[in-house]
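Working notes, beginning with the structure itself.
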Amino acid sequence: MTAFSDTLIERLVAADRVSVLTGAGISAESGVPTFRDPGGLWEKMRPEELANFSAFLSNPTLVQGWYAHRRHIVEVAQPNAGHVALAELETLYHDFTLVTQNVDDLHRRAGSRNIVELHGNIMRNYCVDCGQPADEPNLASPDERGLIVCTECSGLVRPDVVWFGEMLPLGAFEAADAAARRAEVFLSVGTSAIVYPAAGLPGTAKIHGAFVAELNIRESVIADDLHEVVLGPAATVLPDLVRAIKDKRPPAK
Ligand code: BJW
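Numbering follows the working numbering, with no gaps: position 163 of the sequence shown is 164.
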């Protein structure tokens, strides 16, 4: 059983408003590789080669292929006990926001409802020319070069994810920032807290009075600034956390 401070448990039992930020670490135990851990996605590929728009234009075959590979990983992956625990945690609060940097859709598949996707969703695609959703087979198909293009206008098709230097989806950061500001407890789960603006959310929550805890297998770069760090895998720590509070709180009506 994971050890939590009395303060974290007491705050979660008493809270009306809880927000959670997740990163790639929560999906690691579902078999979805993280970015920056040993064996992660960027051990072999540099981010600037793949996760920005000019890299896509210079080598669309490489980037489309990389995302097709990752989409397959996500399609066969299943939500793990950490995702399921967050869906259960949501049922205990009237005001619960799950802010995720993940593009893998596993929170929704685990049953979470109030989700803010900061970096998009790898299961969706759109045309870079006409902007229309573009998913195979009806809206996109391979051209003579093998590149996936829009069936309407022949523009290149890209994943609906946020690359470096790109704006977050309209309203997403505003919703996440508001959830951080009003939270009484804020959990930062499985993120290295290196990528902004997401990495600023735990600090925002703390400044506005939340008790902020990090749940991670190792301390992130912001851990020292938070109230508590709970070390351990998300698929163990989150179910333990829900077990520790749920009998002390009725489900939200
Ligand atoms: C476990 C575990 C287990 C493992 N249990 N834990 C302010 C300061 C400096 C720079 C900037 C700034 N503001 C903006 C920037 C620029 C840039 C940025 O942040 N750069 C930094 C690298 C310095 N940000 C942007 O460009 C953003 N856009 C933006 O700000 O727009 C406004 C703007 C526009 C134009 C000009 C100027 C401003 C966009 C960022 C987009 C990030 N995109 C990616 C790719 C998404 C698509 C894809 O999936 O391919 O998002 S990058 C990648 O990193 C991905 C992730 O969501 C993101 C965060 O990674 P995450 O989730 O933290 O994963 P890891 O691998 O880093 O960490 C895993 C963690 O899990 C570790 O801590 C492990 O210990 C832990 N773990 N197993 C629990 N079992």
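Glycine included, C-beta positions come from ideal geometry on N, C-alpha and C.
- A distance below 7 Å between beta-carbons, with the five flanking residues on each side excluded, links Ala253 to the following residues of its chain, in chain order: Thr92, Leu93, Tyr94 and His95.
- Using a cutoff of 7 Å, the CB of Gln65 does not count as near ligand 1, since none of the ligand's heavy atoms is closer than that.
- Within the segment 38–110, the alpha helix (DSSP H) runs of at least 4 residues that lie entirely inside it are, in chain order, 48–51, 54–59, 61–77 and 82–91.
- Following the DSSP letters along the chain, one finds Asp161 in no alpha helix (DSSP H) but inside the beta strand (DSSP E) bounded by residues Val158 to Val162.
- Taking C-beta separations shorter than 6 Å and ignoring five residues to either side along the sequence, the partners of Asp241 in its chain run Met2 and Thr3, following chain order.
- DSSP places Thr23 in the uninterrupted beta strand (DSSP E) bounded by Arg18 to Thr23.
- At least one heavy atom of ligand 1 sits closer than 7 Å to the Cβ of Arg37.
- Annotation for Pro34: Ala25, Gly40, Gly41, Leu42 and Ile74 place their beta carbon closer than 8 Å to its own, counting only its chain and skipping 5 residues before and after.
- Between His120 and Val100, the gap from beta carbon to beta carbon reaches 8 Å or more.
- Spanning the alpha carbons of Leu140 and Val85 requires a straight line of approximately 33 Å.
- In the DSSP secondary-structure assignment, Cys154 is not bridged to any residue.
- In terms of CA proximity to Gly112, Ala88 leads the group Ala88, Glu175 and Ile123.
- Judged by DSSP secondary structure, Arg125 falls within the beta strand (DSSP E) whose first and last residues are Gly121 to Cys128.
- For Ile27, the enclosing alpha helix (DSSP H) starts and ends at Gly26 to Ala29.
- Ser20 and Glu145 have their C-alpha atoms roughly 47 Å apart.
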